[in-house]
Amino acid sequence: MAPEGAVIKTAGVEMTKFTGKAKVFDSEESAFDSVTNGEIKEGDVLVIRYEGPKGGPGMREMLATTAALVGQGLGKKVAMITDGRFSGGTRGFMVGHVAPEAFVGGPIALVKDGDEISINIEDNNINLHVSEKELGQRSKKWRMPKPNYKSGALAKYALLVGSAANGAITDPSNFLK
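Mapping the sequence shown onto numbering that gives the first Met the number 0, position 152 (from 1) lands on 151, and the numbers just tick up by one.
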């Protein structure tokens, strides 16, 4: 799910493996609403996408959702994966900086509700248990979403920023890719 890499704060994690069914959200706000409405259950893997350097834009911090999970007593019972980022105070099984991000068609963009995902810190992998054939079909149907900003500084940033795997730095050559 993260061929260019991802980040997990291992100091905030007591377990090293997690497998569960995906609950997919295309924004932090929709994930937060789902958590506060009691729709997230033990064993779920929240996938919050389109929050990466280009999609957010700016790699928004998922603090509200992680805090809500802890507040609901789910901090150690669910996992979260995002192309956004986390606060230094985040606790639980949280994977951020997933690259390539959803906005550019990374594998995280192809995840659907109910897909099985396993995370193994010891083996340094995140696996989406979906066949290559199915992923190929999903990839053919995927379309880049419209940007959140059409003008101004954030629109320019989204055009120029690169992958989180390379530091999410701005570079005019990124616009030409």
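A virtual CB, placed ideally from N, CA and C, is assigned to each residue, including glycine.
Query - Cutoff 7 angstroms; reference TRP141; Cβ partners in own chain excluding five residues on either side - result: GLY104, ALA108 and LEU109
Query raised in the report: Between the C-alpha atoms of THR64 and LYS139, what's the straight-line distance to the nearest angstrom?
Result: 31 angstroms
**Report entry** Span of the beta strand (DSSP E) around GLY135
**Finding:** No beta strand (DSSP E) contains GLY135, which is instead part of the alpha helix (DSSP H) from 131 to 140.
Report task. Might you give, ordered along the chain, the residues of its own chain that have their beta carbon closer than 8 angstroms to the beta carbon of GLU133, omitting 5 neighbours on each side? Result -> none
Query - Beta-carbon proximity of ASP112 to LEU127, cut-off 8 angstroms - result: no
Query - Rounded C-alpha distance that separates SER29 from LYS75 - result: 21 angstroms
Query raised in the report: With respect to the beta strand (DSSP E) encompassing ILE170, which residues constitute its N-terminal and C-terminal limits?
Result: Reading off the sequence, residue 170 comes out as Asp, not Ile. That residue, ASP170, is in no beta strand (DSSP E); it is neither H nor E in DSSP.
Query - ILE80 versus GLU27, LYS145, TYR148 and ASN36, residue with shortest Cα-Cα distance - result: GLU27
Query raised in the report: Using a Cβ-Cβ cut-off of 6 angstroms (strictly less than) and excluding sequence neighbours within five positions of GLU100, which residues of its own chain qualify?
Result: GLY51, GLY54 and ASP82
Query - beta strand (DSSP E) runs wholly inside the segment 68 to 114, at least 3 long, in chain order - result: 78 to 81 and 92 to 98
Query raised in the report: Which residue's Cα is closest to the Cα of ASN36: ARG137, ASN124 and ALA67?
Result: ALA67
Query raised in the report: Cβ atoms of ALA5 and VAL94: under 8 angstroms apart, would you say?
Result: yes
Query raised in the report: Excluding five sequence neighbours on each side, which residues of the same chain lie with their C-beta closer than 8 angstroms to the C-beta of GLU13?
Result: LYS75
Query - Per DSSP, cross-strand counterpart(s) of SER117 - result: THR18 and ASN126
Requested in this report: Using only alpha-carbon positions, find the residue among VAL77, GLU60 and ALA21 that is nearest to ASN15.
Outcome: First, the residue type needs correcting, since residue 15 is Thr and not Asn in the sequence shown. That would be VAL77, whose Cα lies nearest to the Cα of THR15.
Report task. Hey, could you find the ends of the beta strand (DSSP E) VAL46 is sitting in? Result -> 43 to 47
Report task. Helix, strand or coil for GLU60, going by three-state DSSP, please let me know. Result -> strand
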